[in-house]
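Trainee: I have a structure here, written as structure tokens, and I will follow up with some questions on it.
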Amino acid sequence: MPMPEWLRLRRAQPVPVEDAAQWTKCPKCGTMIYRPDLAANLWVCPTCAHHFRMHAFDRISMLVDADFNEIGGELLPGDPLGWTDKVPYPQKLARDREKSKLTEGVVCGFASIGGHPLALAVMDFNFRGGTMGTVVGERITQLFERARERGLPCVVFTASGGARMEEGMLALMQMAKTTMAVRRFHDDGGYYISVLTDPTTGGVSASFAFQADVVLAEARAAIGFAGRRVIEQTIRQKLPENFQTAEFLLEKGAIDMVLERNVLKDTLVRLLDYGVGGKRPANGRNGAAVPAVDAIPPAESRA
Amino acid sequence: MNVIVEREKGLIQLEQRIDELKEQAAQQPVDMTAEIRALEAKYAEIQREIFGRMTPWQRVNMARHPKRPIGSDYIAALDQFDELHGDRHFRDDHAIVGGFAKLNGRRIIAIAQDKGRDTKEKVYRNFGMASPEGYRKVLRLVQLADHLGLPVVTFVDTSGADPGIGSEERAQSEAIAQSLYELADARVPLVASIVGEGGSGGALALALADHVLILQHSVYSVASPEGAAAILWGDAARAEEAATRLKLTSDDLLTFGIVDEVIPEPIGGAHRDAAGTIARVLDAVDRALDALIPIPSVELRDRRYAKFRRIGAASP
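Note that the protein sequences, when read in sequence, are chains A and B.
Residue numbers for the first sequence follow numbering that gives the first Met the number 0, beginning at 0 and rising by one.
Residue numbers for the second sequence follow numbering that gives the first Met the number 0, beginning at 0 and rising by one.
Written out as structure tokens, the structure reads:
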């Protein structure tokens, strides 16, 4: 399947010059930015380098070499708990579908980046705050299962408020389900890179986001387990200003790198290059392959 | 304020009155049988009224009842226990108690979340909210169990993982993620019992298991009702409403296939017969181990994979 039709159109669309809707205000420095300029600058403010949250398909088009073959797009959320608060859950979903032009909080598929074929997942905060319900869990799980079958590396961009409350325990269980898929993928020699983007919290950060071989984060992204609001309501303590930022986590030793968006793709390609096609001894726990002979040191050097 | 404790007050008074009457009857030649019977009937009626059909919020309060058996009570009921401490990196987290144990003569690794009983103990145990060190202790104990071929038995009771500054600094997310990762493919049987509150990822980190038991009035939810209300509506005070919507009772969880077995509680809750309740839980754990231990390791892990794989899957 080629690139989604709408994305092709979006890329080709001519922009009316005097359209007020084409201007966006940077939430950090207040600069008015012409949207096509913003898009050309990878959704980074040219004045203050604030990283805007990206639409999943903008992110995909920024990364992939050519085509993106989506999988799991047919999986749509139900309403397992019959949830209603101000509005019924299905209505919230419909509103977010309209607003985000997405069917759920993650887009998964196969593509290549810098010539490396891979499985790619990109979460999108615009759909229910990127929360993980059954469909997000299922799509991620299917992606890891299929990447494992095909022997491809997996790259996941996270952006999530955590588990989706409106799907209750079924949402929480997606942490277990995705973990099992990541574990099997990994034990069969799979190479997994996660890129934590703003924000990555709760059940997503406490499962597949932090189970990668290499954990990257976008500059100034908010990353943590408990949301700031929950911490403040629970402990009534003043939080340090840089608390739960990518830079804070790097300092504390929790992640491998913090990257500005303009170097993200090149870095990713280099990291893929280190990990792909090496002579990895298979784990063997599942009775899989035996280590390659040259991976075992001669007996005398082991003694 | 615990709504169950409030509702129990009348019952407890009535109980005392019945005991007094019985004592009098034993000492005096007056026949009070009819009076005692009437009071006992009334007692049973009130009991049915209070505990017959509990709302989700009442269940949450039952799960948090100050007299409910806690993690350390289950550990204490094991035949033998040798506690192992620490995460080997930073400190020993007292919210999680774990070590070698014996259950009906069988060697196991037992791990419990413990909320503490009195104020001093609660502070010492951080109210059962584990820090990253606690989950790293779990990780280490599961690795040890895997290495030695011992089954892992956990007792879950927490409102959630510790949401403090230090826990974030030491990567709470990573600690929970790695605990889950370790349980996901551990080569030994895993049995988890939700004995009080199962709050969020902080509970799941001990509950990714081959067999998940829950006490009748325990609750297990995507976030604590207070946490969910804060996330959804920015108002932790709407916890009761959240509890109603979250489908967190044992019946709901069994229907959704999230737990495998519900252990009944005595009328009035586990604390009305703590020893009996603990014995029933341990008995159910023992039966689960009987069934799991003969299963070859590869098949055991395939079954575990399939069990979680089907939750929220496209085609059930």
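C-beta atoms are modelled at their ideal positions from N, C-alpha and C, and glycine is treated no differently.
These numbers come from a predicted model, not from an experiment.
Taking W42 (chain A) and F51 (chain A) to be in contact with their CB atoms under 8 angstroms, please state how far apart those CB atoms are, rounded to whole angstroms.
Mentor: Translated into positions along the first sequence, residue 42 (chain A) becomes position 43. Translated into positions along the first sequence, residue 51 (chain A) becomes position 52. Yes, they are in contact, since the Cβ atoms of W42 (chain A) and F51 (chain A) sit about 4 angstroms apart, within 8 angstroms.
Trainee: For R235 (chain A) and S130 (chain B), what's the separation of their Cα atoms in angstroms?
Mentor: Your numbering for residue 235 (chain A) matches position 236 in the first sequence. Your numbering for residue 130 (chain B) matches position 131 in the second sequence. Cα-Cα distance, rounded: 18 angstroms.
Trainee: From which residue to which residue does the alpha helix (DSSP H) around W56 (chain B) run?
Mentor: Against the second sequence, residue 56 (chain B) aligns to sequence position 57. Run containing W56 (chain B): 55-62, per the alpha helix (DSSP H) assignment.
Trainee: Go to M172 (chain A), then tell me how far its beta strand (DSSP E) extends in each direction, as first and last residue.
Mentor: For the purposes of this step, residue 172 (chain A) is identified with residue 173 of the first sequence, where counting begins at 1. Counting along the chain, M172 (chain A) falls outside any beta strand (DSSP E), though it belongs to the alpha helix (DSSP H) covering 167-186.
Trainee: Give the interface partners of M174 (chain A) over in chain B, defined as CB-CB distance under 7 angstroms, in chain order.
Mentor: Within the first sequence, the letter at position 175 stands for residue 174 (chain A). Near M174 (chain A) (Cβ distances below 7 angstroms), the residues of chain B are L179, G200, L203.
Trainee: Under 8 angstroms, with one C-beta from each stretch per pair, do the region 95-105 of chain A and the region 144-154 of chain A reach the 3-pair mark?
Mentor: Contact fails: fewer than three Cβ-Cβ distances are below 8 angstroms.
Trainee: Name the DSSP beta bridge partners of I192 (chain A), please?
Mentor: Within the first sequence, numbered from 1, the residue matching residue 192 (chain A) stands at position 193. Answer is A:V154, A:V213.
Trainee: Enumerate, from N- to C-terminal direction, the unbroken alpha helix (DSSP H) stretches of 4 or more residues contained entirely within the region 274-310 of chain B.
Mentor: Listed in chain order, the complete alpha helix (DSSP H) runs (minimum 4 residues) inside the region 274-310 of chain B are 296-308.
Trainee: Spell out whether any CB of chain B is found under 8 angstroms from the CB atom of N40 (chain A).
Mentor: On the first sequence, position 41 is the one that residue 40 (chain A) refers to. Judged by the 8 angstroms Cβ criterion, N40 (chain A) is not in contact with chain B.
Trainee: Between V221 (chain B) and chain A, is any beta-carbon pair separated by less than 8 angstroms?
Mentor: If you number the second sequence from 1, residue 221 (chain B) lands on position 222. With 8 angstroms as the cut-off, V221 (chain B) counts as an interface residue toward chain A.
Trainee: Entirely within the region 15-81 of chain B and at least 4 residues each: give me those alpha helix (DSSP H) ranges in chain order.
Mentor: The region 15-81 of chain B contains these whole alpha helix (DSSP H) runs: 32-50, 55-62, 70-75.
Trainee: Who does W232 (chain B) pair with in a DSSP beta bridge?
Mentor: On the second sequence, position 233 is the one that residue 232 (chain B) refers to. W232 (chain B) pairs with nothing; no bridge assigned.
Trainee: Since A305 (chain A) meets chain B, which of its residues come closer than 8 angstroms, beta carbon to beta carbon?
Mentor: The question about residue 305 (chain A) has no answer, for chain A in this structure spans 0 to 302.
Trainee: If we ignore side chains and look at the alpha-carbon of each, how far apart do Q12 (chain B) and A160 (chain B) end up?
Mentor: Numbered from 1 along the second sequence, position 13 holds the residue referred to as residue 12 (chain B). Numbered from 1 along the second sequence, position 161 holds the residue referred to as residue 160 (chain B). Each residue's alpha carbon lies about 37 angstroms from the other.
Trainee: Would Y304 (chain B) pass as an interface residue toward chain A - the criterion being a Cβ-Cβ separation below 8 angstroms?
Mentor: For the purposes of this step, residue 304 (chain B) is taken as residue 305 along the second sequence, with counting starting at 1. Answer yes: the Cβ-Cβ gap between Y304 (chain B) and chain A drops below 8 angstroms somewhere.
Trainee: Could you tell me the alpha carbon to alpha carbon distance between I139 (chain A) and Y191 (chain A), rounded to whole angstroms?
Mentor: Here residue 139 (chain A) is taken as the residue at index 140 of the first sequence, counted from 1. Here residue 191 (chain A) is taken as the residue at index 192 of the first sequence, counted from 1. The alpha-carbon atoms of I139 (chain A) and Y191 (chain A) are separated by roughly 13 angstroms.
Trainee: From which residue to which residue does the beta strand (DSSP E) around Q177 (chain B) run?
Mentor: Position 178 of the second sequence holds residue 177 (chain B). Not the beta strand (DSSP E): Q177 (chain B) falls in the alpha helix (DSSP H), residues 171-183.
Trainee: On the CB-based measure, 16 or more other CB atoms within 10 Å of its CB, does E19 (chain B) come out buried or exposed?
Mentor: For the purposes of this step, residue 19 (chain B) is taken as the residue at position 20 of the second sequence. Counting Cβ neighbours within 10 Å, E19 (chain B) comes out exposed, since fewer than 16 surround it.
Trainee: Between which two residues does the beta strand (DSSP E) holding V194 (chain B) run?
Mentor: Locating residue 194 (chain B) in the second sequence gives position 195, counting from the first residue. 189-198 is the extent of the beta strand (DSSP E) around V194 (chain B).
Trainee: Nearest by alpha-carbon distance to D66 (chain A): which of A:R228, A:S111, A:I230, A:D95 is it?
Mentor: Position 67 of the first sequence, counting from 1, holds the residue named residue 66 (chain A). Minimum Cα distance to D66 (chain A) is reached at A:S111.
Trainee: Would you verify that the beta carbon of F307 (chain B) is, or is not, closer than 8 angstroms to some beta carbon of chain A?
Mentor: Residue numbering aside, residue 307 (chain B) sits at position 308 when the second sequence is read from its first letter. It does; some Cβ of chain A falls within 8 angstroms.
Trainee: By Cβ distance, which residues of its chain are closer than 6 angstroms to V261 (chain B), with the 5 residues on each side in sequence left out?
Mentor: Counted from its first residue, the second sequence places residue 261 (chain B) at position 262. So the list reads I213, Q215, S249, L253, once near-sequence residues are dropped.
Trainee: Measure the Cβ-Cβ separation of G167 (chain A) and V221 (chain B) and say whether it is below 8 angstroms.
Mentor: On the first sequence, position 168 is the one that residue 167 (chain A) refers to. On the second sequence, position 222 is the one that residue 221 (chain B) refers to. Against a cut-off of 8 angstroms, the Cβ pair of V221 (chain B) and G167 (chain A) comes out as a contact.
Trainee: Short of 9 angstroms Cβ to Cβ, which residues in the region 148-174 of chain B face chain A?
Mentor: Result list: G159, A160, D161, P162, G163, I164, S166, E167, E168, R169, A170, Q171, S172, E173, A174.
Trainee: Using a Cβ cut-off of 9 angstroms, pull out every chain B residue sitting near R228 (chain A), in sequence order please.
Mentor: In the first sequence, counting from the first residue as 1, residue 228 (chain A) sits at position 229. A229, I230, G233, listed in chain order.
Trainee: Can you give the beta carbon distance from D197 (chain A) to A158 (chain A), rounded, assuming they're within the 8 angstroms contact cut?
Mentor: As a working mapping, residue 197 (chain A) is identified with position 198 in the first sequence. As a working mapping, residue 158 (chain A) is identified with position 159 in the first sequence. That pair is a contact at about 7 angstroms.
Trainee: Taking C107 (chain A) and A93 (chain A) to be in contact with their CB atoms under 8 angstroms, please state how far apart those CB atoms are, rounded to whole angstroms.
Mentor: Within the first sequence, the letter at position 108 stands for residue 107 (chain A). Within the first sequence, the letter at position 94 stands for residue 93 (chain A). Actually they are not in contact, since the Cβ atoms of C107 (chain A) and A93 (chain A) sit about 22 angstroms apart, beyond 8 angstroms.
Trainee: Once you ignore the five residues that flank V258 (chain B) on each side, which residues in its own chain have a CB closer than 6 angstroms to its CB?
Mentor: As a working mapping, residue 258 (chain B) is identified with position 259 in the second sequence. Within the same chain, V258 (chain B) has close Cβ partners V211, I213, L252.
Trainee: Leaving out five residues on either side along the sequence, give the residues of the same chain with a beta carbon under 7 angstroms from the beta carbon of L143 (chain B).
Mentor: Translated into positions along the second sequence, residue 143 (chain B) becomes position 144. Excluding sequence neighbours, L143 (chain B) sits near I108.
Trainee: Where does P315 (chain B) land, buried or exposed, given buried means 16+ other C-beta within 10 angstroms?
Mentor: Taking the first residue of the second sequence as 1, we reach residue 315 (chain B) at position 316. Because P315 (chain B) carries a pLDDT of 41, less than 50, the predicted location of this residue cannot be relied on, and the following value inherits that uncertainty. By the 10 Å Cβ count, P315 (chain B) comes out exposed.
Trainee: With 8 angstroms as the threshold, decide whether the Cβ of T46 (chain A) is near any Cβ in chain B.
Mentor: Indexing the first sequence from 1 puts residue 46 (chain A) at position 47. For T46 (chain A), the answer is no, since every Cβ of chain B falls outside 8 angstroms of its Cβ.
Trainee: Using a Cβ-Cβ cutoff of 9 angstroms, what residues of the region 112-130 of chain A are near chain B? List them in chain order.
Mentor: So nothing in the stretch comes that close.
Trainee: Return the first residue and the last residue of the alpha helix (DSSP H) that G133 (chain B) is part of.
Mentor: As a working mapping, residue 133 (chain B) is identified with position 134 in the second sequence. Run containing G133 (chain B): 131-147, per the alpha helix (DSSP H) assignment.
Trainee: With a threshold of 8 angstroms between beta-carbons, can G334 (chain B) be considered close to chain A, or not?
Mentor: With chain B covering only 0 through 315, there is no way to say anything about residue 334 (chain B).
Trainee: Assuming R124 (chain B) and K114 (chain B) form a contact by the criterion Cβ under 8 angstroms, report the distance between their Cβ atoms to the nearest whole angstrom.
Mentor: Here residue 124 (chain B) refers to the residue found at position 125 of the second sequence. Here residue 114 (chain B) refers to the residue found at position 115 of the second sequence. Correct: roughly 6 angstroms between the Cβ atoms.
Trainee: As an exercise, report each continuous alpha helix (DSSP H) stretch of at least 4 residues that is fully enclosed by the region 35-92 of chain A, in chain order.
Mentor: You should have 55-62.
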